[in-house]
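Single-structure report; data block below.
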Amino acid sequence: MSTKLFGEKVQRVEDQRFLRGKGRYVDDVLVGHGDGGVLHAAVLRSPHAHARIVDIDVSAVLDLEGVHVVWTHEDLGAMAPQMAEPLPLLIPHPQLTHGRTQYALAKDEVNYVGEAIAFVVADDRYLAEDAVGRIRVDYEFLPPVVGVDAARAAAHLVHDDVPGNVAARMEQENGDARAAIASAPHTLSLDLTIERSASMPMEGRGTVARWDPDIGRLTVWTSTQTSTGVRAAVAAKLGMDLAQVDVITPDVGGGFGVKINHPWPEELLVPLAARSLGAVVKFTEDRREHFISSAHERGQVHHVEVGYDDEGRVLGLDVQFWHDNGAYTPYGLIVPIITSTQLLGPYKPGSYRVVFESLYTNTVMVTPYRGAGRPQGCYVMERTMDAIAAALGRDRTEVRSVNFIQPDEFPYDQGLIFQDGRELEYDSGDYPASLEKLKALVGWDEFPAFREELAREGRQVGIGLACYVEGTGVGPYEGAHVHIETSGRVKVAIGLTTQGQGHATAFAQVVADALGVRFENIEVVSGDTRRMPYAVGTFASRAAVMSGSAVHLAALRAREKVLRIAAEALEAAEDDLEIVDGVVSVRGTDASIDLGTVAVLSNPLRYAFDEASKAATQFSVGDPGKPPVAEDDEPGLEGKDFYSPERSTFANGMHAVIVETDPDTAEITILKYAVVHDCGRLINPMIVEGQIQGGVAQGVGGALYERMAYDESGQLVNASFMDFLMPYVTEVPAHVDIDHLETPSPLNPLGIKGAGEAGVIPSAAVFASAIEDAEGIPITAMPISPSELFELRQRHEETS
Amino acid sequence: MSEELHDVRLRINGATHELRVPARRLLSDALRHDLGLTGTHVGCEHGVCGACTVLVDGRPMRSCLLFAVSAVDSEITTVEGLTERDGSADGRLSPVQQAFAECHGLQCGFCTPGFLTTITAGLRDNPEPTEDEARDMIAGNLCRCTGYANIVKSVLRASEIARDA
């Protein structure tokens, strides 16, 4: 008798190949035969943040031995007219009045250090880089615009035809926030900043393409978060039919958002080169390239006006912010829209107005990084809550409590439009219960005694908390295909991609339960457009919600068909059948049939190919008076379904941290980190906790260590792992205490809410809260390093 | 501008490989692209992330900071060589590999080979580490997915598995 696998900590099936060194990442594709026949690409990138290209001289490269292709922008149009046009603006929005995207290879002007200018294909990467080094470009320098302040001042423009450097201005309001603030008993204003960071997966971007002239087909392997998106882009840009292009996402060494943007220049140039050379072409990004040519995120500046009552209840909240979108806006306004809406978190301000400007700078473009605008919003809201508590002299948890949406108020409409163009309506949650759990977990009420105890030893500690709500599982849809083979093994295909979340395990758990098949007989394939051509992608913590639901529905469809065929074969009523461990049996009898045989029967055959299939041939089965396949049926034992929700589902959580700050060195040490998390029902708690642990570590990096250090000329001066301080084990909390609250989502069949991004959302907020508590100095800029804290102390002493 | 090629003989996972490479060919590239041992991953090419760590005469070294020509005469172990032979096609997972599977010590798996080789060597030197020692053992490798907690657990669990074997 199988037990239910949903909710079990099942070990991951994908680990077997990863642990043996048998994973297949994009740079591994078509290796293994001495790498023969694979050509390698390298890209000449702009060394200047803002310049006009006067001339490009590739003559020193053209005749180099081992070099096959040297392309600049002027070469592209002849091969494929669309390649000479700008890259797609993926998510248009009416307020994105001045959206701009780059070219696959720069045309006339470069707008950030790292922008692709020329593309070389050679026998190996070493030769390709040699060739890149010999290309000569004449530039006419233009003044660079670096940082939000420079963009707002607009003394210089990034794009000549974009006044004020403003790509978009957007405003939303629920109620009359300014009037509410004007008449509120108390008011406050805050100015808050948060710096740039980036996803920084251990594997950078990469693309391999093979053109098969015999069948006129292009196969592209790419390290992406959306294989269907890349497929559509490649077909459109190369002027091919969708049916001629297959995109396969191999194992992906982390994404964290940066690989949802597409197509990257190389995702088009590599297939184009493969087609024009008739060869296999590979591009593998190196780490410096990842820093300067893949996307960043976070950088925003906020101004908050808030009016509140004696209890700390927010009556009016008016937020203005400036979002640094970098040089281009391929991903539209998604990040600032998410910031502006998810800023509200679990709270219900009496009224809310938010206005943002999305600004161009001569820096790497900004597209979603895990959290996707939410960390900024959470930081701003939670800083505001802390400021209100400080002003009123009330406990920070009390101020949050009076502002919480209550459990009986769901569904709760925030009166705004969310990133998917639909209402921001929360479906479920129990914020007061979560807060109680968090207080218990971190020891909130015991903290004052702890602080005193340590103060006696001359040590200084602080506690902070932060709450967030995360819209997860945005549409439009995902699908799944379940195929029961005549061997009884089950092949499942989902269209979105996977980059470490254990989809092959979690979704096999879902199928095992829905279908009654042993877990080890189920294989899940993701991100292969040959297997599932309709899909959206892996982002916004949507895979479990979207594909999980689709897999469940598709498995149920397959199950229906299994029962129908088995009932006929066993001469029993469908209601009397059960499926256990891949065998359909009539309850309370010995009559049974295994799934493999049902699969044989599902496909009426003329030709037998083995013993089992004889049972489905024309002289063995079927009513001679009826068509072998009924009018409303089709051959094969398959189930396919799509899940398309009305709107997002809203997960939530709260983090608390206790930090110690060194009175002399200002070193910040984490003493305790606690997480309470509500992502609805958990398919595999081991995987969910792994996501949270990983998110917390990434958040620690974002709050205390990581930043993109641009100088005034637009050079990214810390573009290596030596200088961009990603946490090692020594920087992350040794233990994260995690507690779950499960309020199932009413919106999907499994009651799931997403979890992937959660761990990283409240990090800047929770550390700012704790460091402020330890130091008694307002923290208004994150991340914060020991030297910055040290300087902050000095400034504070001077002014107080 | 043909490059001068050098004949090198590399001992990798107990087998001998002969190849002709330019002097500048990195060991990581030779392993991956010339010999097809793609289990060794390259995360930064400047020796910081540790994903490319292989064992050279038993000591963990960054294969992105070594030239293939300089690895001649050394016994190299890559992640593919950690699995123990048990007659099956795939071999049996070593205690360190087994521990990672049990403790969810990996997510995307890209940094994992470097951790596995590093810990294999670390446990040889210190078969029963404390938790602090386990953290020290992995303190030179970057992972962006796991937050390290389950990797530390994996080190301790690997020590247990090896002891009980």
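Just so you know, the sequences run in chain order A and B.
Last residue of the first sequence: 800 in my numbering, with the numbers rising by one and none dropped.
Last residue of the second sequence: 1165 in my numbering, with the numbers rising by one and none dropped.
Ideal Cβ placement from N, Cα and C applies to all residues, glycine included.
In this text, all values refer to a predicted model and were calculated from it rather than measured experimentally.
For residue j and residue i, the rounded distance between their alpha carbons
i                : j                : result
G34 of chain A   : G66 of chain A   : Bear in mind that a pLDDT of 46 at G34 of chain A, under 50, signals an unreliable position, so the number given afterwards is only what the model happens to contain. Each residue's alpha carbon lies about 17 Å from the other.
E1160 of chain B : E1128 of chain B : 8 Å
V38 of chain A   : R275 of chain A  : 13 Å
I579 of chain A  : E8 of chain A    : 20 Å
L269 of chain A  : A235 of chain A  : 12 Å
S713 of chain A  : D124 of chain A  : 33 Å
T1131 of chain B : G377 of chain A  : The question names Thr, but residue 1131 of chain B in the sequence shown is Glu. Cα-Cα distance, rounded: 37 Å.
I692 of chain A  : A755 of chain A  : 8 Å
Q16 of chain A   : L1037 of chain B : 17 Å
A550 of chain A  : S785 of chain A  : 44 Å
K1153 of chain B : A179 of chain A  : 55 Å
G1047 of chain B : V732 of chain A  : 21 Å
G1081 of chain B : L19 of chain A   : 11 Å
L1005 of chain B : L1019 of chain B : 9 Å
CB of residue i within 8 Å of CB of residue j, strictly
i                : j                : result
R681 of chain A  : P744 of chain A  : yes
R370 of chain A  : S199 of chain A  : yes
Y139 of chain A  : I53 of chain A   : yes
H806 of chain A  : F356 of chain A  : The structure shown does not extend to residue 806 of chain A, since chain A is modelled only from 1 to 800, so the question has no answer here.
F404 of chain A  : Y431 of chain A  : yes
Y1148 of chain B : A697 of chain A  : yes
T367 of chain A  : E297 of chain A  : yes
G393 of chain A  : D678 of chain A  : no
Q1107 of chain B : G694 of chain A  : yes
S769 of chain A  : P375 of chain A  : no
F1067 of chain B : R1024 of chain B : yes
I215 of chain A  : Q501 of chain A  : no
G415 of chain A  : N174 of chain A  : yes
F321 of chain A  : V306 of chain A  : no
Test: residue i CB closer than 8 Å to a CB of chain B
i               : result
T730 of chain A : yes
P201 of chain A : yes
R287 of chain A : yes
Y426 of chain A : no
G473 of chain A : no
S720 of chain A : yes
V31 of chain A  : yes
V69 of chain A  : no
M726 of chain A : yes
E65 of chain A  : yes
D251 of chain A : yes
R12 of chain A  : yes
Cβ of residue i within 8 Å of any chain A Cβ
i                : result
C1044 of chain B : yes
G1087 of chain B : no
P1060 of chain B : no
T1146 of chain B : yes
T1112 of chain B : yes
L1093 of chain B : yes
V1079 of chain B : yes
H1104 of chain B : yes
L1116 of chain B : yes
F1067 of chain B : no
C1064 of chain B : no
G1014 of chain B : no
R1135 of chain B : yes
C1108 of chain B : yes
N1150 of chain B : yes
V1048 of chain B : yes
Per DSSP, the bridge partner or partners of residue i
i                : result
Y360 of chain A  : A:G326
E771 of chain A  : One point to set straight first is that residue 771 of chain A is Ile, not Glu, in the sequence displayed. Answer is none; I771 of chain A lacks a bridge partner.
H503 of chain A  : H503 of chain A pairs with nothing; no bridge assigned.
K282 of chain A  : A:H40 and A:V208
Q1098 of chain B : Partner(s): none; Q1098 of chain B has no beta bridge.
S197 of chain A  : A:E297
Beta strand (DSSP E) runs contained entirely in the stretch 1018-1089 of chain B, provided each spans 3 or more residues: 1053-1056, 1059-1062 and 1075-1077
Unbroken stretches of the beta strand (DSSP E), 3 residues or longer, contained in the stretch 355-434 of chain A: 412-417 and 423-426
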